[in-house]
Structures are given as C-alpha cells and as structure tokens.
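Residue numbers for the first sequence follow this note's numbering, so the first one is 27 and each next one is one higher.
Glycine residues also receive a C-beta, built at the ideal position from the N, C-alpha and C atoms.
Read through the structure below, which is laid out as structure tokens, and then see the notes.
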Amino acid sequence: MGDILTNKFLQKAAFDAKSVNGALLKLGIRPVDLTDDVMVAAYILDPGRTNYPIDFLAQAYLDTDIARSIPDGIDEAAFRTAELADITARVAPVLREKLRSNDQERVYAEIELPTIDVLAEMELVGMKVDGDALIRFAADIKQQLEALSDRLFAIAGREFNIGSPKQVGEVFAELNIETGKKTATGQISTSHDVLVELAQTYEIAQLIIDYREMDKLRATYAEALPKLIRDDGRIHGCLNQTVAATGRLSSTDPNLQNIPVRTTLGQEIRRSFIPEKGNKLISADYSQLELRILAHITQDAVMTNAFRDGEDIHANTARLVFGATDEKDLKEKRRLAKIVNFGIAYAVEAFGLSTRVGISRAEARKVIDDYFATYKGIRKYMDDIPQQAKRDGFVKSLFGRRRYFPSINDRNFTVRARQEREAINMPIQGTASDIVKIAMINVDKALRNEKLETKMIMQVHDELLFEAPVNEIEQASAIIKREMETAAKLDVPLIVEVGVGDNWMDAK
DNA sequence: CCTGACTCGC
DNA sequence: ATGCGAGTCAGGT
C-alpha cells in the first residue's frame, strides 16, 4: 500500500487529501505526487459554497446521483467507500478541465495542492500548551467574576444572568438607562459600543464590559483549551482549506487563529502557548500585507511610492490626507489614518466610518473624499471592480483565484451594496491568501532542504509561527524571512518582521 | 439542534 | 450602513 501511494509514476486523485495524508503521515508514509484533490478543486471553482460533499460533485459535474440504497449483503461503509473512490476518479478529470478553461491551473497546482501536505504536517505537529497555567488562570478569573457579579447585583438591586443580553437590557430599563439603540430583532442593544458610551455615566456599563471580557477568556480559552491537550502535551487543531470565500484558511477544534493578543488579561492566554524544552517559538509577520497589495493592484502612485520609500503608511496618510504637521498633531491623526486605511480595504462608507471614528457623517464624507483625492488610483479601483463583477459575474486575485457574485445586480440596495463591498475586498484578501500560502510552501521546502528540525506550527493570515531548536534559531529565522519576502514579486517590497520568544506573546 | 447576540483574531 | 472567519451562551424549538 505504501509503495503504491508513494510511487511517482501513478496518478492519484483523492477526496479531502489532507485527511487521507494525515492518516498516512501518522504511519510514517509521506505520499508524493498527488494529482488531484477533488474537494479542493471544487473549492477553487466556486469558493462561495459552504461545503463540497461527494454527492454534490457527482450531481454538479457528472450529472449522476450517489446510490440511494445499498445492494443486499454488502457492508454499507465498504460500499460508500468504494463509491467515493469511483466518483472521485471520474470527477477529477472533469474538474481539471474546468480549472484549465478558467485559467486556474496554477492556483490549483502551484498553490492549493502543495498547501495540502503543509497543512497535514502542521496539524500533526500541533502546538504545545501549558494546560496547568491555563487552569490556574481560569480559577483566578472565576473568583474575579464572582466579585464582579456581587457588585453588579448590588447596583441592579437584584440578581440576573449577566451573560444574557436580554436580561442586561431589562436591568437597564429598570434603572432608566437608555441609548435608544436596538438590535436587528428589536431588543435593547447592549453591544460593546453602546456600553462604552453608557460607561461615561453609569458604572454598571463598565462592569459589564469587564465581565464580558473576563468571561470570554474563561469560557473560550482558559477552560476550553486544556481539555483539548493530547497525551503529547500538544493541541492538534484543524486547518480548513475549503471554507473561506476569499481563499483564506480557517481554524477549528479549536480555533487557533483567534488567540487573544490585545488586552493585558488576554495576553496571559497567549503566553500559555510555548515551545518544547530546548526550543523557541519564531513568529514571522508580514508588515501591512493587504495595504501593500492594494497599492500594487491599484497602481496608485502615492501609496506605491510611500511603500517603496519605506515610509510609515499610516503617518504618511495622516500627513497627506489629514494635514498633520507637528508631532503632537501627527499622533492623533495617525490613529485616525490607521482606521481609514483599514476601512478602505473593506469599502467602508461614510456612515460606517462616522460611527467608528465618532465624527459626523458629513465629516466622514469629507475624510473619504480627501482620501480619494490623495490616493487617486484607489478611487478608480473602487469604481472599477464592482463593474467588473457585474460584467463577468466574478472578480479574481493576482494569482487567478476567483469569487462569484450572483447577487451583485440584485434590486435590493442592501444586498447589492454588500456584494459590491465583498467584490472590492476579495482581490486584496484573496491575493494576501495566495501569497501567504506560497510562502508556506516555500518555507516548508527550504527548511526541509536545509535538513532543519524547525517546524511550522500555525498560520494566522499574515503571520507564520514556528517551533525551532535553539541552535537553529538564526538560520531558520533567516530562511523564513527570505522565503516570505520573496514569495511574490510586487511593485512594492514585502517586509516581514521576525520575533523569537519562549512563548507566543514574547515571540511577537 | 438552531438562531441571535456577543467577542476573539486578522 | 467596512471584509473574512470560529466559539460560547441564552433562549426557543
């Protein structure tokens, strides 16, 4: 069996090769020369679907159905396995032809197929987590939550479930606290933004903010993660390749792409991600990856030159768009510029910007107009892409990844506007995904060529995380930085910042 | 078991 | 009424 699977002269098609290869890797077999993964191929053809079951592939690409009943005397599992193999082998060439006619052979063969084995290996290696530290943290935070509950009940004049937005709204009504903001279903909104506003006047609002943060850390991280640590002291999560419509990876069981980093308390969680004895963690982050891609795609001269000159892009925006002059002025305006720069990639409109920055709609309108007056190429892109999506039905990344927009001509403004924003964002986020996947493939190959023990253990969209023996740190860091920065050749430089530490927090 | 509200990340 | 995800809890089926 191993001989067949590693024979380079045989063509092999699989359905969900990561699962198959993951099982083989555990047996010490490293399969080579995989010709097709029909699940991944179907994802590239239409990444907007939620799943790609074999019955869908049979129906959509072979115009056949899977068997509705199993013949007498045949084991059901065995029958379905054989059927899966049969459909996989028959659908593979059909998908390949569609990819070829879409000009998507390279994104498939040079990006997605090689990514499969890298992900299988990462899942197998896993991440070491200090479970005892998390359990201590959970116990500590639980005490603080109880103290907070007592104070909240005293202010409310009664007990209530602080974790229930409905009940929090009821308590606010009883205390005559209101903002008038409602949720989509007509409930009183107790969202973070609303609470921050109320916290100016009411202590209870700040206490609920604090309670929510701590309870989130307790339930989602401090208590959940230790249960997932296996006998090897590591968490082996799942990296999904066929979920995100833009080409990004996603992470489940657990989600290791949303480990806290922002707040001091949350950073305690991140510190529990550690290397094996004699190793360190290396974190490598792309600096401003999406904005650099935006500059490249739009060919905007001002933004492109700013990146070429190695400028601080947010400070640059603060000076050019908001007219910041002295240092004091710059600090505040840079903060604003940063929010606008991020918002632009998401096609923010005046209304959204005004609520986020806390300015009037007219002021937000002016900010956006000034922004487009400075970055003229970006305005043109924002106008052109929705038209392209309307004309072709899809837009694509720099490497040919596509996303379709079936409702971009919808008569409903909200539906149509949403698809326009998605279309504007996709080439940016999609190209970033392409580049990071190429980097993963190249770094993995380079580490292997150099016979290093350093292992890639996580990807968080624009960051790659590695575990490295201490004696390899320097060499591995140099390889990682080099391969990531040269993963794509754009009209602006790609810059990667590398950090080393004894936990994930200190490596950043 | 599903949906909505909320919060974590990029 | 800024893009892409995942998990938890409450509350209802």
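Membership of I234 in the alpha helix (DSSP H) is indicated by the continuous run E229 to K242. In the DSSP assignment, T278 falls within the unbroken beta strand (DSSP E) covering S276 to T278. Within the same chain, and ignoring the five residues on either side of L516 in sequence, the residues whose Cβ sits closer than 6 Å to its Cβ are H322.
Spatial neighbours of A350 in its own chain (CB-CB distance under 6 Å, excluding positions within 5 residues in sequence) are listed in chain order as A344, L356 and K359. Closest in C-alpha terms to V347, from the list F35, D396 and G195, comes D396.
For the pair L224 and T211, the CB atoms are not nearer than the 8 Å cut-off. If one requires a minimum length of 3 residues, the beta strand (DSSP E) runs lying completely within the region 449-486 are 481-485, in chain order. Taking 8 Å as the upper bound for CB-CB distance, F425 and T457 are in contact here, some 7 Å apart. If you check the CB distance, S459 and G183 do not come in under 8 Å.
In this structure G263 touches S277 by the C-beta definition: roughly 6 Å separates them, less than 8 Å.
The continuous beta strand (DSSP E) containing N266 extends over residues C264 to N266. Counted as a single uninterrupted DSSP element, the stretch harbouring P412 is not any beta strand (DSSP E) but the alpha helix (DSSP H) occupying residues K402 to D418. In the structure shown, K364 adopts helical secondary structure according to DSSP, grouped into three states. Setting aside the 5 residues that flank it on each side, D143 is surrounded in the same chain by N47, each with a C-beta closer than 7 Å to its C-beta; the list follows chain order.
A39 places its beta carbon less than 8 Å from that of V64.
Looking at the DSSP output, G527 shares a beta bridge with L307.
When secondary structure is reduced to three states using DSSP, P73 falls in the coil class, being assigned neither helix nor strand. At a Cβ-Cβ threshold of 8 Å, A465 and A513 count as neighbours.
Here R428 has F420 and K422 as same chain residues with Cβ atoms under 6 Å from its own Cβ, once five neighbours each way along the sequence are excluded. When DSSP assignments are scanned along the region 324-374, the uninterrupted stretches of alpha helix (DSSP H) that are 4 or more residues long and fall wholly within it turn out to be 327-334, 339-346 and 353-371. Distance check between L150 and each of K392, T90, K406 and L53 places L53 closest, using alpha-carbon atoms only.
Rounded to the nearest whole angstrom, the CA to CA distance from N266 to N284 is 14 Å. Per DSSP, the beta-bridge partners of M153 are I261.
Within 10 angstroms of the beta-carbon of L125 lie 16 or more other beta-carbons, which makes it buried. Apart from sequence neighbours up to five positions away, the residues of its chain that approach K481 with a beta-carbon distance below 7 Å are V151, F492 and E493, ordered along the chain. Nearest in C-alpha terms to K354, of all of I365, A341 and V366, is A341.
Looking at the DSSP output, I214 shares a beta bridge with K208. Within the DSSP bridge table, the entry for F299 names V155 as partners. Judged by DSSP in its simplified three-state form, L490 adopts strand. The DSSP-derived three-state label of Y78 is coil.
The beta-carbon distance between I55 and L31, rounded to whole angstroms, is 6 Å. This is short enough to meet the 8 Å contact definition. DSSP places R162 within a helical segment (H, G or I) once states are collapsed to three.
Two segments are said to touch when three or more pairs of C-beta atoms, one from each, lie closer than 8 Å; by this definition the region 134-148 does not touch the region 251-258. Bridge pairing for D63: A40 [DSSP].
The straight-line gap separating the alpha-carbon atoms of N529 and N281 is approximately 18 Å. Taking Y401 as reference, the option from E511, R437 and L320 with the minimal CA-CA separation is L320.
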